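A short worksheet on the structure shown next.
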Amino acid sequence: MTAPAVPERVDGFGLYSFSVSPVHRPRSVPELVETLARLRAEGAPVVFRGAGRSYGPVATNPSGPVVEMTGLNRILSFDDAAGVVRAEAGATIGDVWRHALPRGFWPPVVTGTEHVTLGAAVAANVHGKNHWKRGSFAEHVPEVTVLDGDGSPRRLRPEEPGMARVVGGWGEGGPVVEVALRLKPVRTGYLDVEGFALGSLDETLRCLEEGKEDWEYQVAWVDCFPSGAALGRSVVHRANHSAEPGKGGAGLDLATQSLGTRVAGVVPKALVSRLLGLFTSDPGMRWVNLGKLLATRAGGTRRYRQTLAAFNFLLDSLPDWRNAYLPGGFIQYQVFVPKESAREVLAEAIRLQHEAGAVSYLGVLKRHRSDRFPNAYAPDGWSLALDFPVTRRGAPRLIRLCRRLDELVSRSGGGVYRAKDCVGSWERRIANRIYTREF
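Positions 597 to 1035 (our numbering) are the ones given, in order, by the sequence shown.
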């Protein structure tokens, strides 16, 4: 018998949304089965949680218990011939690549943080900077194991109907307890990267569209502050896997992939969130965005080699960066729109921010493709992820803006991604906190 869970604060990654919930942390499948049987007998509505990297409230539960799956984190097997790793659902993308890279393999799809569990990656059907080319995470999952209502394990493959409920289903179809992931072979642990600045949204969309065939990864940092001809100006990074070893070797060892403890070899990363906090205001972030653009533009097109970990997990190299948004936290609103209307809708999404007086501090533009799963959120088109601080003074403006963005996305035939912030759920929580808590 496991010990009773004690209520504790459970945060969304954006830190604005939380619940106070009993949290159960099973460390084995039998312990999970026992926990779920007890909660089912109590009639408690259960929410499953991975490593808590969803920005919004989807992994919190104001009405009952949370079952955190990170204790089920073993790598179970690795088939070198097939390139397939099998692991428990609480193992993270970081656990997988650290196990696989020394063997010459890398996950075909990774998120912007390595701290996403495999179970959550399936439940959210996450994507990466190569979604238009490699598809979503679940397209590389040949098998998952879920628990049925009676606690018995059931293995599902892509062609089976039950798989469609699990992928992107956020717990529908039963909790995921094991995931098989097909990896891709890599010759080195490096990427050949290009970085450069572009002057407008039109230039950025055209550049990423034209680069689809030639590049494995593409992403654009969009400055949402300018209007007029400079609306949507950006810094683009794109990369391909390096075929040739560098001076220090192939870079497949974990020491080479270490993100280090200092920024630029000088500033301790533990200080980063404090330094960022000095700029976390409209004037400050206007200058940060402008400074990044001007520095990139001054250097022209920069070509360099970067480790797989450094390129893919930039945010992990800045520990506790989200604390710069305290005390109110932040939301991330991600606009998904079809390619046919992308230019007009994305430009309007930026203009609406200016009208509302609530401009995103960070915009990230990516190309996508649709997938075959019923719970798909991305069309064949584009997404623009927008980070907004939550403050007492700015919250009413932010609520009005996101209502208008909801309407804009709906009219365009776009989609909603529940791992970020979506219709209604965050809005009610922000509205409540305006009156119940000082930021």
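Beta carbons are placed, not taken as given, at the ideal position from N, Cα and C, and that holds for glycine.
Nothing here was measured: the structure is a model prediction, and the numbers come from that model.
Residue ranges of each beta strand (DSSP E) run of no fewer than 3 residues wholly in the stretch 921-991, ordered along the chain?
-> Whole beta strand (DSSP E) segments, 3+ residues: 926-934, 958-963, 977-985.
Does DSSP classify GLU710 as helix, strand or coil?
-> Coil, per DSSP.
Bridge partners - ALA683, DSSP secondary structure assignment = ILE671, VAL775
Opposing strand residues paired with TRP702 [DSSP bridges] = LYS780
Consult DSSP for ALA640 and reduce its assignment to one of helix, strand or coil.
-> coil
Figure out for me which residue from LEU867, GLN949, TYR1013 has the closest Cα to the Cα of ARG858.
-> Comparing alpha-carbon positions, the option among LEU867, GLN949, TYR1013 lying closest to ARG858 turns out to be LEU867.
For GLU812, does the three-state DSSP call read helix, strand or coil?
-> coil
Boundaries of the alpha helix (DSSP H) in which GLU799 is found, first to last residue | That run of the alpha helix (DSSP H) goes 797-806.
Is LYS729 closer than 8 Å to GLU812 when the C-beta atoms are compared?
-> yes
Hey, quick one: how far does the beta strand (DSSP E) through ASN836 stretch, first residue to last?
-> Where ASN836 is concerned, the enclosing beta strand (DSSP E) stretches over 830-837.
When the Cα of LEU904 is compared with those of TRP693, PRO622, SER615, which residue comes out closest?
-> Checking every option, the nearest Cα to that of LEU904 belongs to TRP693.
Under the rule that 16 or more other beta-carbon atoms within 10 Å means buried, what is ASN885, buried or exposed?
-> buried
Could you name each continuous beta strand (DSSP E) segment of 3 residues or more that falls completely within the stretch 874-903, going from the start of the chain to the end?
-> For the stretch 874-903, the full-length beta strand (DSSP E) segments reaching 3 residues or more read 898-903 along the chain.
Measure the beta-carbon distance from VAL737 to GLY769 and round it to whole angstroms, keeping in mind my assumption that it falls under 8 Å.
-> The C-beta separation of VAL737 from GLY769 comes to about 14 Å, leaving the pair out of contact by the 8 Å criterion.
Member of LYS888, ALA945, THR709, LYS865 whose CA lies at the smallest distance from the CA of HIS909 | A small fix is needed here, since residue 909 is Phe in this sequence, not His. Comparing alpha carbon positions, the residue from LYS888, ALA945, THR709, LYS865 closest to PHE909 is THR709.
Bridge partners of ASP912, per DSSP?
-> Answer is none; ASP912 lacks a bridge partner.
Mind reading off the beta-carbon distance from TYR957 to ASP983? Whole number of angstroms is fine, and I expect it under 8 Å.
-> Taking the Cβ atoms as the reference, TYR957 lies roughly 5 Å from ASP983, within the contact range of under 8 Å.
Counting pairs of Cβ atoms below 8 Å between the stretch 627-634 and the stretch 645-656, do you hit three or more?
-> No contact exists between the stretch 627-634 and the stretch 645-656.
Tell me TRP817's beta-bridge partners as DSSP assigns them.
-> Looking at the DSSP output, TRP817 shares a beta bridge with VAL831, VAL960.
Applying the criterion that 16 or more other CB atoms from any shown protein chain within 10 Å of the CB defines a buried residue, is SER877 buried or exposed?
-> exposed
How many whole angstroms separate the CB atoms of VAL986 and LEU994, which I take to be in contact at a CB cut-off of 8 Å?
-> Confirmed, about 7 Å.
Exposed or buried, ASN721, counting other C-beta atoms within 10 Å across all chains shown (16 or more means buried)?
-> With 16 or more Cβ atoms within 10 Å of its Cβ, ASN721 is classed as buried.
Rounded straight-line distance, which links the Cα of SER624 to that of LEU942 | 45 Å
Going by the CB atoms, is the gap between LYS808 and PRO704 shorter than 8 Å?
-> no
Specify whether the stretch 670-682 and the stretch 603-610 touch according to this definition: at least 3 beta carbon pairs, one from each stretch, less than 8 Å apart.
-> no
Name the DSSP beta bridge partners of PRO749, please?
-> LEU743
Hey, TYR786 and ARG901: beta-carbon distance below 8 Å or not?
-> yes
Three-way DSSP call (helix, strand, coil) for ASP607 in this model | strand
Residue from GLY856, PHE969, GLY924, GLY1010 with nearest C-alpha to PHE614 | GLY924
Sequence-distant residues of the same chain with beta carbon closer than 7 Å to GLU735, five excluded per side | ASP967
Would the beta-carbon of LEU727 fall within 8 Å of that of ARG963?
-> Sequence inspection shows His at residue 727; the Leu mentioned does not correspond to that position. The answer is yes: Cβ separation under 8 Å.
Buried/exposed call for ASP819, threshold 16 Cβ in 10 Å = buried
From this set, PRO915, ILE927, ALA687, which residue's C-alpha is nearest PRO864's C-alpha?
-> PRO864 has its Cα closest to that of PRO915, out of PRO915, ILE927, ALA687.
For my contact list, VAL773 and PRO749 are in at a C-beta cut-off of 8 Å; report their separation, rounded to the angstrom.
-> 7 Å
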